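Trainee: Mind having a look at this structure? Questions to follow.
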Amino acid sequence: MIRDQETLTILLDTIGRFVRERCVPAEAVAADTDRIPDDIVAEMRRMGLFGFAIPQEYGGMGLTLEEEVLVNFELSQCSPVFRSISGTNNGIGSMGIVIDGTEEQKRKYLPRLASGELIGSFALTEPGSGSDAASLTTNARRDGDHYLINGTKRFITNAPEAGIFTLMARTDPASKGASGVTAFIVERDSPGLTLGPIDKKMGQRGGHTSDVIFQDVKVPAANIIGGKEGMGFKTAMKVLDKARLNIAAVCVGVSERMLQDALRYALDRRQFGQRIGDFQLVQAMLADCRTEIFAARSMTLEAARKHDAGERIGLEASCCKYFAAEMCGRVADRAVQIHGGAGYMAEYGIERFYRDVRLFRIYEGTSQIQQLVIARNMIKAAGG
Ligand SMILES: Cc1cc2nc3c(=O)[nH]c(=O)nc-3n(C[C@H](O)[C@H](O)[C@H](O)COP(=O)(O)OP(=O)(O)OC[C@H]3O[C@@H](n4cnc5c(N)ncnc54)[C@H](O)[C@@H]3O)c2cc1C
13 MIRDQETLTI
23 LLDTIGRFVR
33 ERCVPAEAVA
43 ADTDRIPDDI
53 VAEMRRMGLF
63 GFAIPQEYGG
73 MGLTLEEEVL
83 VNFELSQCSP
93 VFRSISGTNN
103 GIGSMGIVID
113 GTEEQKRKYL
123 PRLASGELIG
133 SFALTEPGSG
143 SDAASLTTNA
153 RRDGDHYLIN
163 GTKRFITNAP
173 EAGIFTLMAR
183 TDPASKGASG
193 VTAFIVERDS
203 PGLTLGPIDK
213 KMGQRGGHTS
223 DVIFQDVKVP
233 AANIIGGKEG
243 MGFKTAMKVL
253 DKARLNIAAV
263 CVGVSERMLQ
273 DALRYALDRR
283 QFGQRIGDFQ
293 LVQAMLADCR
303 TEIFAARSMT
313 LEAARKHDAG
323 ERIGLEASCC
333 KYFAAEMCGR
343 VADRAVQIHG
353 GAGYMAEYGI
363 ERFYRDVRLF
373 RIYEGTSQIQ
383 QLVIARNMIK
393 AAGG
């Protein structure tokens, strides 16, 4: 739902200019130094980009999901790592609190997440539990008005920068599945909480992941999201529905950028006495990219509108994430192909995108897991 088209247009134009003028020129520096320049992060804070999905009464912009998707289309037309630093605050690192948090939790944490003063991370994955997230073994044992948490979380985005974690831990040891899982807010400076070394990744350099290790970490019972044990897995899945749609939007934005670069190259580069963009086989690659981006963009917007109308979008979010992530991989591959040998060389930047976008088919549920969610929803709806 678009609430005020004029304000939204100004916001999208401002973000578009910021991406072109500030982020695109800094892409190589961010990758080479494995750090987003501090002045760019500060500018993102000033622009409110850490809190566009957080409700206005807690200091954010309170965008609808359709508006959020449109913002992500713009914000992602550069190396996706720039969005990633604020991505957890607008998504998996805050949404548990936004969707299911108590009023006190919202008032305590959301304003600082919205301003970017605090970074929020989402800690679900473990060394032994990835796609099968409900089998997680990090445990939280009640001890008076506190819990003692033990376990290790793996590949946690923005963990090295995080001030708080939305942590999924098992409070009911008798239950091996989703029903025994509780979501906690854990502060970074809690004694017993340590981080592993920063992971060396294939791409998205400048964005960081690491293990988060809990050894007898004492967390107040008041930090259970929503205040009730056993609801954590449901919270995590609600968070992921929204997050998957936003990843689909990011895939659309990055694909737009890769296609722009490929088109520009196709119009500059000459072989056999003419522009390579005049060859029909190259045109076919360009046309396939344009068509698939259009499809992903349309389905993502439609699912967002459905969410804003109050409907559940579990199936649609998986369809969008699955299609858009796979589409983004195909666009990256064609963009490299159109660049020929230059596409394989770091200087042209397209090889960096090729590595960066590989992640989209893996995190927040692999493509195979999206297929399973889609099919399971279909079978359930058919009464099976
Ligand atoms: C850069 C990065 C950032 C991440 N950030 C976070 C984060 O912030 N928070 C967080 O909690 N997690 C995070 N993750 C973890 C991510 O969500 C998991 O890596 C992902 O869900 C896959 O889990 P896995 O790595 O254990 O793979 P596995 O589950 O071991 O899967 C391996 C392969 O088996 C396939 N497979 C598994 N089960 C099935 C099945 N039932 N049917 C068919 N195929 C199957 C998978 O599709 C995949 O191809 C991040 C990962 C990366 C790489």
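Just so we're aligned, residue 13 is where the sequence shown starts under this note's numbering, counting upward by one.
Think of the CB as a built atom: it goes at the ideal place given N, C-alpha and C, for glycine as much as any other residue.
No experiment lies behind these values; they were computed from the predicted model shown.
Using a Cβ-Cβ cut-off of 8 Å (strictly less than) and excluding sequence neighbours within five positions of residue 190, which residues of its own chain qualify?
Mentor: In the sequence shown, residue 190 corresponds to position 178, counting from 1. 146, 245 and 246.
Trainee: Around the C-beta of residue 315, are 16 or more other C-beta atoms found within 10 angstroms, so that it is buried, or is it exposed?
Mentor: In the sequence shown, residue 315 corresponds to position 303, counting from 1. So residue 315 counts as buried.
Trainee: Which same chain residues, not among the five before or five after residue 288, have their C-beta less than 6 Å away from its C-beta?
Mentor: Your numbering for residue 288 matches position 276 in the sequence shown. Result list for residue 288: 278, 281 and 294, in chain order.
Trainee: How big is the Cα-Cα spacing for residue 211 and residue 334?
Mentor: Here residue 211 refers to the residue found at position 199 of the sequence shown. Here residue 334 refers to the residue found at position 322 of the sequence shown. The alpha-carbon atoms of residue 211 and residue 334 are separated by roughly 25 Å.
Trainee: Could you check what DSSP says for residue 225 in three-state terms: helix, strand or coil?
Mentor: Translated into the one-based positions of the sequence shown, residue 225 becomes position 213. Of the three classes helix, strand and coil, the one that applies to residue 225 here is strand, per DSSP.
Trainee: Taking the runs of the alpha helix (DSSP H) that are 4 residues or longer, which of them lie wholly in the stretch 144-177?
Mentor: None, since the stretch 144-177 contains no complete alpha helix (DSSP H) of that length.
Trainee: Among 264, 195, 265 and 243, which residue has its Cα nearest to the Cα of residue 235?
Mentor: Start at 1 with the first residue of the sequence shown, and residue 235 comes out as number 223. Of the listed residues, the one whose Cα sits closest to residue 235 is 195.
Trainee: With DSSP run on the structure shown, which of helix, strand or coil describes residue 132?
Mentor: Within the sequence shown, numbered from 1, the residue matching residue 132 stands at position 120. Residue state, collapsed to three classes: strand.
Trainee: Verify the contact flag: residue 147, CB atom, against every heavy atom of ligand 1, threshold strictly below 6 Å.
Mentor: The residue given as residue 147 occupies position 135 in the sequence shown. Residue 147: no, Cβ never under 6 Å from ligand 1.
Trainee: Near residue 114, what residues of its chain come up, given a Cβ to Cβ distance below 6 Å and the 5 sequence neighbours on each side ignored?
Mentor: Here residue 114 refers to the residue found at position 102 of the sequence shown. These residues qualify, in order along the chain: 239.
Trainee: Can you check which of these residues, 142, 292 and 85, is closest to residue 380 by C-alpha distance?
Mentor: Working through the sequence shown from its first residue, we reach residue 380 at position 368. Closest by alpha carbon: 142.
Trainee: Between the Cα of residue 156 and the Cα atoms of 206, 233 and 164, which residue gives the shortest distance?
Mentor: Counted from its first residue, the sequence shown places residue 156 at position 144. Residue 156 has its Cα closest to that of 233, out of 206, 233 and 164.
Trainee: Closer than 5 Å from C-beta to any heavy atom of ligand 1: which residues, in chain order?
Mentor: Working through the chain, the matches are 134, 136, 137, 142, 143, 167, 168, 169, 221, 375, 378 and 380.
Trainee: Evaluate contact between the stretch 253-267 and the stretch 332-352, counting only Cβ atoms and requiring at least three cross-stretch pairs below 8 Å.
Mentor: In short, these stretches touch, since the Cβ pair count reaches three.
Trainee: Quick check on the burial criterion: 16 or more other C-beta atoms within 10 angstroms. Buried or exposed for residue 43?
Mentor: Reading the sequence shown from its first residue, position 31 is the one you call residue 43. Buried, since its Cβ has 16 or more Cβ neighbours within 10 Å.
Trainee: Would you call residue 350 buried or exposed, if buried means 16 or more other Cβ atoms sit within 10 Å of its Cβ?
Mentor: Here residue 350 is taken as the residue at index 338 of the sequence shown, counted from 1. Under this definition residue 350 is a buried residue.
Trainee: Compute the distance between the beta-carbons of residue 56 and residue 98, then report whether it is under 7 Å.
Mentor: Position 44 of the sequence shown, counted from the first residue, corresponds to residue 56. Position 86 of the sequence shown, counted from the first residue, corresponds to residue 98. Yes; because the gap between Cβ atoms is below 7 Å, this pair is in contact.
Trainee: Taking the CB atoms as reference points, tell me whether residue 27 and residue 69 lie closer together than 7 Å.
Mentor: Along the sequence shown, read from residue 1 onward, the residue named residue 27 stands at position 15. Along the sequence shown, read from residue 1 onward, the residue named residue 69 stands at position 57. No, they are not a contact pair.
Trainee: Count the other CB atoms within 10 Å of the CB of residue 124; is the residue buried (16 or more) or exposed (fewer)?
Mentor: Within the sequence shown, numbered from 1, the residue matching residue 124 stands at position 112. It is buried - the Cβ of residue 124 has at least 16 other Cβ atoms within 10 Å.
Trainee: Whose CA, out of 144, 15 and 151, lies closest to the CA of residue 231?
Mentor: For the purposes of this step, residue 231 is taken as the residue at position 219 of the sequence shown. Of the candidates 144, 15 and 151, the one whose C-alpha sits nearest the C-alpha of residue 231 is 151.
Trainee: The beta strand (DSSP E) that contains residue 205, what's its start and end?
Mentor: Taking the sequence shown and counting its residues from 1, the one referred to as residue 205 is at position 193. Start and end: 205-207.
Trainee: Pick out the complete alpha helix (DSSP H) segments inside the stretch 227-293, 4 residues or longer, and give them in chain order.
Mentor: For the stretch 227-293, whole alpha helix (DSSP H) runs of length 4 or above, ordered along the chain, are 244-280.
Trainee: Measure the CB-CB distance between residue 346 and residue 390 and report whether it falls below 7 Å.
Mentor: If you number the sequence shown from 1, residue 346 lands on position 334. If you number the sequence shown from 1, residue 390 lands on position 378. Cβ atoms of residue 346 and residue 390: not closer than 7 Å.
Trainee: Identify whether residue 179 lies in helix, strand or coil by the three-state DSSP scheme.
Mentor: Residue 179 sits at position 167 when you count from the first residue of the sequence shown. DSSP places residue 179 in strand when its eight states are reduced to three.
Trainee: Going by DSSP, what residue range makes up the alpha helix (DSSP H) through residue 94?
Mentor: If you number the sequence shown from 1, residue 94 lands on position 82. Note, residue 94: alpha helix (DSSP H), 93-102.
Trainee: So what does DSSP say about residue 303, is it helix, strand or coil?
Mentor: Residue 303 sits at position 291 when you count from the first residue of the sequence shown. Reduced to three states, the DSSP call for residue 303 is helix.
Trainee: Leaving out five residues before and five after residue 108 in sequence, what residues of the same chain have Cβ atoms less than 6 Å from its Cβ?
Mentor: Locating residue 108 in the sequence shown gives position 96, counting from the first residue. The residues are 178, 195, 237, 247 and 251.
Trainee: Along the chain, where does the alpha helix (DSSP H) containing residue 196 start, and where does it finish?
Mentor: Your numbering for residue 196 matches position 184 in the sequence shown. Run containing residue 196: none in the alpha helix (DSSP H); it sits in the beta strand (DSSP E), 193-199.
Trainee: Can you tell which of 303, 30, 312 and 224 has its C-alpha closest to the C-alpha of residue 79?
Mentor: As a position in the sequence shown, residue 79 is number 67, starting the count at 1. The shortest Cα separation from residue 79 among 303, 30, 312 and 224 belongs to 312.
Trainee: Excluding the 5 residues flanking residue 228 on each side, which residues of the same chain have their C-beta closer than 7 Å to its C-beta?
Mentor: What you label residue 228 is simply residue 216 of the sequence shown in a count that begins at 1. The residues are 160, 162 and 204.
Trainee: In whole angstroms, give me the CA-to-CA distance for residue 361 and residue 337.
Mentor: Looking up residue 361 in the sequence shown gives position 349. Looking up residue 337 in the sequence shown gives position 325. Roughly 20 Å separates the two Cα atoms.
Trainee: Could you tell me which uninterrupted beta strand (DSSP E) segments, each at least 3 residues in length, are contained entirely in the stretch 312-388, listed from first to last along the chain?
Mentor: If we require 3 residues or more, the stretch 312-388 turns out to have no beta strand (DSSP E) run fully inside it.
Trainee: Within the continuous alpha helix (DSSP H) that includes residue 1, where are the two ends?
Mentor: No statement about residue 1 is possible, as the shown extent of the chain runs from 13 to 396 and does not include it.
Trainee: Under a three-way DSSP split, which group does residue 106 fall into?
Mentor: In the sequence shown, counting from the first residue as 1, residue 106 sits at position 94. Coil at residue 106, not helix or strand.
Trainee: Nearest CA to the CA of residue 365: which residue from 65, 94 and 24?
Mentor: Numbered from its first residue, the sequence shown carries residue 365 at position 353. When each option's Cα is compared against that of residue 365, the closest is 94.
Trainee: What's the gap between the Cα of residue 363 and the Cα of residue 31?
Mentor: Taking the sequence shown and counting its residues from 1, one reaches residue 363 at position 351. Taking the sequence shown and counting its residues from 1, one reaches residue 31 at position 19. Cα to Cα, the separation comes out at about 20 Å.
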